[in-house]
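Chemist:
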DNA sequence: CCGGTCCCATTGTGATCACAGAACTTGCAT
DNA sequence: ATGCAAGTTCTGTGATCACAATGGGACCGG
């Protein structure tokens, strides 16, 4: 650890060490690289990522602000546990915001954009038959956010990202328990609605997808946690 | 600045320096202590608040994560400007989330709680006739969040707090321009609905209050900014 | 009087160190 | 074998320093 460069600040905006650490941790949280309840330490992450504790502190602080990590009263940092209350609030917030994002994206989606999304959905189907949980989560994330990003609504998108960060670890744990084999999503309905330019249909498909997917993992895993 | 204590960490959870800095900055943002576009510097805030730059860095990082502050490409930190797009997204998100929070709070509100809210509304009326913009903003904040806090929905509350942080500075600037004299809110309607236990009425009153208040400042100030 | 160029002050970033408190481990006594 | 206490290690926090890059201002040439 002593041979690390003294100052690797390269100058530009997104190229700081804490930004890189933030993105790596965020990826792991989104896709289930951390289990709920897992404790993390600044020095531990720093050594693991090959940086000093300082940028890790800033990245962790940011993730705590986004509710992706939590700090206990004694200062220890951990991946938050899911509660039934929290799960239900996440479900509500997703249903309130994500259909709107999809609807706003609709008018801006070119046929090529829609085919990109369709291709992502095909990838998802492969992960489902293979039982590849992490692959499924990555694909599902890309399916939703590829659409949402076209809405050009950074404020709403930020809220939704914060919500996804809050249920990512739990989702992974839940899929680990109940499996993804019998999972049926509403992605096809969403794709057809997009191709038709049917805003109401797209809203309904996204809402159904959220309700179905969240119900799937909620039923399977939540009952066991209190 | 040299006579500062070397380490003032008192131990408990909420008593760290960066937490205190965070709360002070957050207050100023909520109630219009910073103007949009205002640039802030870590060392400047540190000296102003009597701490070293370190806790300021963490507090500012957190506020950036909550979108209350923004970082330009060159690393400079400033209070974000409002755009028409952003304003419209804020309006949508508030309308989607806040009536729900109020509705969830309703069953938990005791008559005494409602009278507390009614008293806050009386204070607001005083600030309106006095033209006390900051007092109005503090009162309006307390009116809404006193209700919302009773919903016991920390996840949703966090989203709403983040949204308020994003329009606080703009709201202050807007009121400074158009004044608060002719402002009519829907707080009385909300209070009556709460007293009746009328959930639909409360939802409608909150939604109307948001739409009216945001329309008030949006019409007055937004047209001038692009 | 105006425009460009160089220089210095200021800024965020990251490393390192010191410190206090919490937690875990170890050892001892019962 | 078990419970408790003391010591040690580990944790987050905050201060200070070094550094690179940006920005503004002064100075000079036109």
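Residue numbers (my numbering), protein chains in the order written: chain A, 258 to 483; chain B, 258 to 483. Each residue gets a CB set at the ideal place from its N, CA and C atoms; glycine is no exception.
For residue 363(B) and residue 451(B), which I take to be in contact (beta-carbon distance under 8 Å), what is that distance rounded to the nearest angstrom?
Modeler: 6 Å
Chemist: In the DSSP assignment, find the unbroken alpha helix (DSSP H) run with residue 409(A) in it and report its ends.
Modeler: It is not in any alpha helix (DSSP H) - residue 409(A) carries neither H nor E in the DSSP assignment.
Chemist: Please go through the same chain and pick out, in chain order, the residues whose beta-carbon is closer than 8 Å to the beta-carbon of residue 443(A), but skip the five residues on each side of it.
Modeler: 462, 463, 465, 466 and 469
Chemist: Reducing DSSP to helix, strand and coil, say where residue 320(A) ends up.
Modeler: helix
Chemist: Please name the residues in the segment 347 to 374 of chain A whose beta-carbon is closer than 8 Å to at least one beta-carbon of chain B, in chain order.
Modeler: 347, 349, 350, 353, 354 and 357
Chemist: Does the distance from the CB of residue 294(B) to the CB of residue 428(B) come in under 9 Å?
Modeler: No, the pair does not count as a contact, with Cβ atoms beyond the cut-off.
Chemist: If you scan the segment 343 to 411 of chain A from start to end, which runs of the alpha helix (DSSP H) of 4 or more residues do you find wholly inside it?
Modeler: 368 to 387 and 390 to 406
Chemist: Are residue 311(B) and residue 321(B) touching if we call contact CB-CB under 9 Å?
Modeler: No.
Chemist: If the cut is a Cβ gap below 7 Å, which residues of chain A does residue 322(B) touch?
Modeler: 319, 322 and 323
Chemist: Please report how far the alpha carbon of residue 408(A) lies from the alpha carbon of residue 446(A), in whole angstroms.
Modeler: 19 Å
Chemist: Output needed for residue 333(B): all residues of its chain with C-beta closer than 7 Å, excluding positions within five of it in sequence on either side, in chain order.
Modeler: Around residue 333(B): 296.
Chemist: Taking 9 Å as the cut-off, decide whether the C-beta atoms of residue 460(B) and residue 375(B) are in contact.
Modeler: no
Chemist: Run down chain B in chain order and give the residues with a C-beta less than 8 Å from the C-beta of residue 410(A).
Modeler: 342 and 346
Chemist: Should residue 397(B) be labelled buried (16 or more other beta-carbon atoms within 10 Å of its own) or exposed?
Modeler: buried
Chemist: Which residue wins for smallest C-alpha separation from residue 423(A), given the options 416(B), 276(B) and 391(B)?
Modeler: 416(B)
Chemist: Just to confirm my understanding: we take residue 448(A), look at its own chain, exclude 5 residues before and 5 after, and list those with CB closer than 6 Å. What are they?
Modeler: 375
Chemist: Nearest-angstrom Cα distance between residue 340(A) and residue 347(A)?
Modeler: 10 Å
Chemist: Enumerated in chain order, which unbroken segments of the beta strand (DSSP E) with a length of 3 residues or greater are wholly contained in the segment 278 to 333 of chain A?
Modeler: none
Chemist: Quick one: give me the first and last residue of the alpha helix (DSSP H) that residue 339(B) is part of.
Modeler: Run containing residue 339(B): none; DSSP gives neither H nor E here.
Chemist: Could you name the residues of chain B that residue 302(A) contacts, counting a contact when the two beta carbons are closer than 8 Å?
Modeler: Neighbours of residue 302(A) on chain B: none; closest Cβ ~16 Å, over 8 Å.
Chemist: Using the beta-carbon of each residue, which ones in chain B are nearer than 7 Å to residue 425(A)?
Modeler: Those within 7 Å of residue 425(A) in chain B number zero; the least Cβ separation is about 14 Å.
Chemist: Answer yes or no: do residue 393(B) and residue 381(B) have a C-beta to C-beta separation smaller than 9 Å?
Modeler: yes
Chemist: Give the C-beta separation of residue 257(A) and residue 426(A) to the nearest angstrom, bearing in mind that I take them to be a contact with Cβ-Cβ under 8 Å.
Modeler: In the structure as shown, chain A starts at 258 and stops at 483, and residue 257(A) therefore has no counterpart that could be examined.
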